[in-house]
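Okay, so here's the structure we're looking at.
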Amino acid sequence: MDCIFCQIVAGEIPADILYQDEEVIAFRDINPVAPTHLLIIPKKHIPSLAHLSEAESSLIGDMVNIANQLAKREGISESGYRLAISCGEQGGQEVPHLHLHLLGGRKLSNELG
Ligand code: AMP
Ligand code: ZN
4 MDCIFCQIVA GEIPADILYQ DEEVIAFRDI NPVAPTHLLI IPKKHIPSLA
54 HLSEAESSLI GDMVNIANQL AKREGISESG YRLAISCGEQ GGQEVPHLHL
104 HLLGGRKLSN ELG
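Using our numbering, the letters of the sequence shown correspond one by one to residues 4 to 116.
This is the structure we're talking about:
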């Protein structure tokens with residue numbers, strides 16, 4: 004298994020894990036671009052949003068709920084934050100395991116692309 008996020012799920016490589024349940028795990032991004040930069044991922048290996056089946060799509064709602072809770076815990080719920088999912092090469096996705104970025108703690112750029 005050469006997926007770095009699957010290795011984090013399996014406990015084979017270390018991560019600063021902030022939350023986990025049966026389906027989802029959240030940890031700090033190793034190369035943060037904002038004071039709060041967390042990744043919320045499904046434990047199941049889903050390569051990207053484009054590979055998400057309709058049956059799996061409720062996972063996204065779960066991930067957003069967890070991100071909202073973590074934003075509160077990080078103290079950025081009031082100041083604001085951004086949730087982002089990159090999909091595929093032109094979408095800027097580098098790790099081919101579906102993940103939701105939670106970014107906050109500074110004023111983020113208004114540019115999305
Ligand atoms: P993306 O460009 O959307 O695919 O985002 C991948 C993110 O994963 C980047 O922000 C990386 O800094 C982050 N990342 C890569 N390897 C690790 C790791 N071992 N632990 C935590 N975050 C990682
Ligand atoms: Zn994976």
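Note that beta-carbon positions come from the ideal geometry of N, C-alpha and C, so glycine has one too.
Keep in mind the model is a prediction, meaning the values are calculated, not measured.
Three-state class that DSSP yields for residue i in the structure shown
| i | result |
| --- | --- |
| Leu86 | strand |
| Gln10 | helix |
| Val67 | helix |
| Leu103 | strand |
| His54 | helix |
| Arg76 | helix |
| Leu111 | coil |
Beta-carbon contacts of residue i that lie in its chain and below 7 angstroms, excluding the five residues immediately before and after
| i | result |
| --- | --- |
| Gln10 | Met4, Ile16 |
Candidates the options, of which the one nearest residue i by Cα
| i | options | result |
| --- | --- | --- |
| Ile69 | Tyr22, Ala18, Glu59, Ile79 | Tyr22 |
| Thr39 | Ala58, Ser82, Gln96, Glu97 | Ser82 |
| Ile33 | Ile49, Asp19, Asp24, Val27 | Asp19 |
| Ile79 | Leu105, Pro99, Ala87, Glu59 | Leu105 |
| Asn71 | Ser60, Arg31, Ile43 | Ile43 |
| Ile2 | Leu115, Pro99, Gly116 | In the structure as shown, the chain begins at 4 and stops at 116. Residue 2 is therefore absent and cannot be evaluated. |
| Leu73 | Arg31, Ile88, Ser56, Glu26 | Arg31 |
| Ala87 | Leu115, Glu57, Lys47 | Leu115 |
Cut-off 6 angstroms between Cβ atoms - residues of its own chain near residue i, not counting five sequence neighbours on either side
| i | result |
| --- | --- |
| Leu62 | Pro45 |
| Arg85 | Leu106, Leu111 |
Contact check, residue i vs residue j, beta carbons under 8 angstroms
| i | j | result |
| --- | --- | --- |
| Met66 | Leu103 | yes |
| Ser51 | Leu101 | yes |
| Gly94 | Ala37 | no |
| Glu59 | Ile49 | yes |
Neighbourhood of residue i by C-beta distance below 8 angstroms, restricted to the same chain and skipping five residues each side
| i | result |
| --- | --- |
| Cys90 | Ser51, Leu52, Ala53, Gln96 |
Quick check on the contact list: which residues have their beta carbon closer than 5 angstroms to a heavy atom of the ligand ZN? Cys6, Phe8, Cys9, His48, His100
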